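Student:
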Amino acid sequence: MNGTMKYRDLGKTGIKVSEIGMGLWAAGGDAWGKTEDQEVLRAIDYALDQGVTFFDTADVYGSGHSEELLGKAMAGRRDKFIVATKIGWRDFDGEKGRSAYTTVDKFIAGVESNLKRLNTDYIDVLQSHIDFRDPTMEIFLEGFQRLKEAGKIRAYGVSTSNFEYLKAFNHDGKANTLQIDYSILNRTSEAEILPYCRSQGLGVIIRGAIAMGILAGKFTADTRFGEGDFRRRWHENPEEYKVFLKDLEIVQALRSLERPDRNLATLALQFVLANPAVSTVIPGIKTVAQMEANLKASRLPLLSAEELAAIDRIVAPGKGRKIWPA
Numbered sequence: 040m041n042g043t044m045k046y047r048d049l050g051k052t053g054i055k056v057s058e059i060g061m062g063l064w065a066a067g068g069d070a071w072g073k074t075e076d077q078e079v080l081r082a083i084d085y086a087l088d089q090g091v092t093f094f095d096t097a098d099v100y101g102s103g104h105s106e107e108l109l110g111k112a113m114a115g116r117r118d119k120f121i122v123a124t125k126i127g128w129r130d131f132d133g134e135k136g137r138s139a140y141t142t143v144d145k146f147i148a149g150v151e152s153n154l155k156r157l158n159t160d161y162i163d164v165l166q167s168h169i170d171f172r173d174p175t176m177e178i179f180l181e182g183f184q185r186l187k188e189a190g191k192i193r194a195y196g197v198s199t200s201n202f203e204y205l206k207a208f209n210h211d212g213k214a215n216t217l218q219i220d221y222s223i224l225n226r227t228s229e230a231e232i233l234p235y236c237r238s239q240g241l242g243v244i245i246r247g248a249i250a251m252g253i254l255a256g257k258f259t260a261d262t263r264f265g266e267g268d269f270r271r272r273w274h275e276n277p278e279e280y281k282v283f284l285k286d287l288e289i290v291q292a293l294r295s296l297e298r299p300d301r302n303l304a305t306l307a308l309q310f311v312l313a314n315p316a317v318s319t320v321i322p323g324i325k326t327v328a329q330m331e332a333n334l335k336a337s338r339l340p341l342l343s344a345e346e347l348a349a350i351d352r353i354v355a356p357g358k359g360r361k362i363w364p365a
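Heads up: the sequence shown is residues 40 to 365, going by this note's numbering.
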């Protein structure tokens with residue numbers, strides 16, 4: 040393991056993970072604009088060299104392409120990766136408001152598809168991608184238990200910001216992880232969810248720390264997103280555009296905390312890592328340059344009490360707004 044990376048316990052799983060992970064939604068190439076497979080593979084190589092061990096993907100990212108890319112990257116060195124993936128949205132039944140996995144056997148067959156795309160015989164962390172309680176939740180939970188007993192998964196969890204659903208999902212105390220949107224702009228989970236995770240020993244995986252790029256500080260009121268980028272709605276939908284402009288005002292207020300060695304994106308990652316409930320943060324990566332920028336958050340000194348207090352004055356603890364798809 041690289042000496043500059045820091046590692047944390049993933050809750051009570053017994054798994055240690057790099058505090059900076061790699062989110063592979065964008066690598067799928069279907070939601071964040073064009074991507075180059077070879078550049079993504081180079082970024083994964085670079086991440087490994089720098090001590091990153093945690094890689095998060097899902098069956099629907101690029102209709103499975105993201106998982107396939109990760110599987111290719113792992114060939115011959117599976118032991119260097121802590122792999123987290125998700126299941127639930129493929130063939131979701133919108134009319135009935137439920138996943139396609141209406142039996143445990145169907146669910147397990149679905150996970151076998153994950154394993155095939157990842158070209159591995161086990162998944163370190165398998166997560167339900169459904170972010171609300173649907174009629175198949177109990178099927179998922181039974182499936183997770185059977186897969187764990189069979190050695191196909193090491194841990195399981197859920198990706199949601201719905202507190203009641205999280206408690207139902209973990210009703211027996213057997214869940215291992217929560218993946219949740221958390222950032223300076225969205226501190227809503229600080230009120231109840233993150234304290235609950237600490238009390239239950241749940242490993243917390245943070246997505247959205249840079250708020251879909253907003254907290255990188257590179258957007259302006261005139262920013263327009265390209266074809267194939269879901270963020271186009273931020274300027275095409277008048278209501279979402281108003282929210283986007285308000286977010287930019289917060290970004291402007293945060294600029295007072297920038298330093299020559301720390302830009303806004305690094306500050307945003309360090310803020311998330313300052314919360315003791317957090318196990319790892321998984322900013323989305325498409326290039327080596329993006330990975331290098333994110334690694335600074337683990338290498339720089341921790342945010343000071345004064346800096347955290349300044350952030351509190353801009354967005355109060357427990358406040359902010361949920362950012363789609365939170």
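Think of the CB as a built atom: it goes at the ideal place given N, C-alpha and C, for glycine as much as any other residue.
Note that the structure is predicted; figures quoted are calculated from it, not measured.
Take Ala-332 and list the residues in its own chain whose beta-carbon comes closer than 8 Å to its own, dropping the five residues that flank it on each side.
Tutor: Here the set comprises Asn-302, Ala-304 and Thr-305.
Student: Less than 9 Å between the beta carbons of Lys-124 and Gln-166, yes or no?
Tutor: At residue 124 the sequence reads Thr, which differs from the Lys that was named. Yes.
Student: Would you decide whether Thr-142 is buried or exposed? Buried here means 16 or more other CB atoms lie within 10 Å of its CB.
Tutor: Burial call: exposed.
Student: Compute the distance between the beta-carbons of Phe-93 and Gly-60, then report whether it is under 9 Å.
Tutor: Yes, the pair counts as a contact, with Cβ atoms nearer than the cut-off.
Student: Assuming Asn-153 and Glu-106 make a contact with CB atoms under 8 Å, what is their CB distance in whole Å?
Tutor: With a Cβ gap of about 6 Å, Asn-153 and Glu-106 count as contacting.
Student: Grouping DSSP H, G and I as helix and E and B as strand, with all else coil, what is Gln-89?
Tutor: Coil.
Student: Return helix, strand or coil for Met-61, following the three-state DSSP convention.
Tutor: Of the three classes helix, strand and coil, the one that applies to Met-61 here is strand, per DSSP.
Student: Once you ignore the five residues that flank Phe-131 on each side, which residues in its own chain have a CB closer than 7 Å to its CB?
Tutor: Taken in chain order, the residues that qualify are Ser-138 and Ala-139.
Student: With a threshold of 8 Å on Cβ separation, who are the neighbours of Thr-227 within its own chain once the five nearest residues in sequence on each side are excluded?
Tutor: Excluding residues within five positions, the ones whose Cβ falls inside 8 Å are Ser-200, Gly-357, Lys-358, Gly-359, Arg-360 and Lys-361.
Student: Under 9 Å between the Cβ atoms of Ala-313 and Arg-237?
Tutor: The answer is no: Cβ separation not under 9 Å.
Student: To the nearest angstrom, how far is the alpha carbon of Gly-53 from that of Asn-276?
Tutor: Rounded to whole angstroms, Gly-53 to Asn-276 spans 45 Å at the Cα level.
Student: If I'm right that Leu-186 touches Ile-178 with Cβ under 8 Å, what's the distance once you round it to whole angstroms?
Tutor: No, Leu-186 and Ile-178 are not in contact; Cβ-Cβ is about 12 Å, not under 8 Å.
Student: Taking Leu-341 as the reference, which of Ser-318, Val-320 and Val-311 has the closest Cα?
Tutor: Minimum Cα distance to Leu-341 is reached at Val-311.
Student: Could you tell me if Ala-355 is buried or exposed, where buried requires 16 or more neighbouring beta carbons within 10 angstroms of its beta carbon?
Tutor: So Ala-355 counts as exposed.
Student: Have a look at the DSSP bridge pairing and note the partners of Gln-166.
Tutor: Gln-166 pairs with Lys-125 and Gly-196.
Student: In angstroms with no decimal places, state the Cα-to-Cα distance between Gly-242 and Ala-336.
Tutor: Those two C-alpha atoms are separated by around 20 Å.
Student: Counting only the same chain and skipping the five closest in sequence on each side, list residues whose C-beta sits under 7 Å from that of Ala-292.
Tutor: If we look at Ala-292 and ignore the five residues flanking it on each side, its Cβ neighbours are Ile-353.
Student: Return the chain-ordered ranges of every alpha helix (DSSP H) run that is complete within the stretch 172-245 and spans a minimum of 4 residues.
Tutor: For the stretch 172-245, whole alpha helix (DSSP H) runs of length 4 or above, ordered along the chain, are 176-188, 202-208 and 232-239.
Student: Specify, as a first and last residue, the run of the beta strand (DSSP E) that Asp-380 falls within.
Tutor: The first residue shown for the chain is 40 and the last is 365, placing residue 380 beyond what the model contains.
Student: Provide the residue span of the alpha helix (DSSP H) that contains Phe-146, from first to last.
Tutor: That run of the alpha helix (DSSP H) goes 143-157.
Student: Straight-line CA distance for Glu-297 to Asn-225?
Tutor: Taking the straight line joining both Cα atoms gives about 20 Å.
Student: For the alpha helix (DSSP H) that Lys-285 lies in, which residues bound it at each end?
Tutor: Taken as a continuous stretch (DSSP letters only), the alpha helix (DSSP H) holding Lys-285 covers 277-293.
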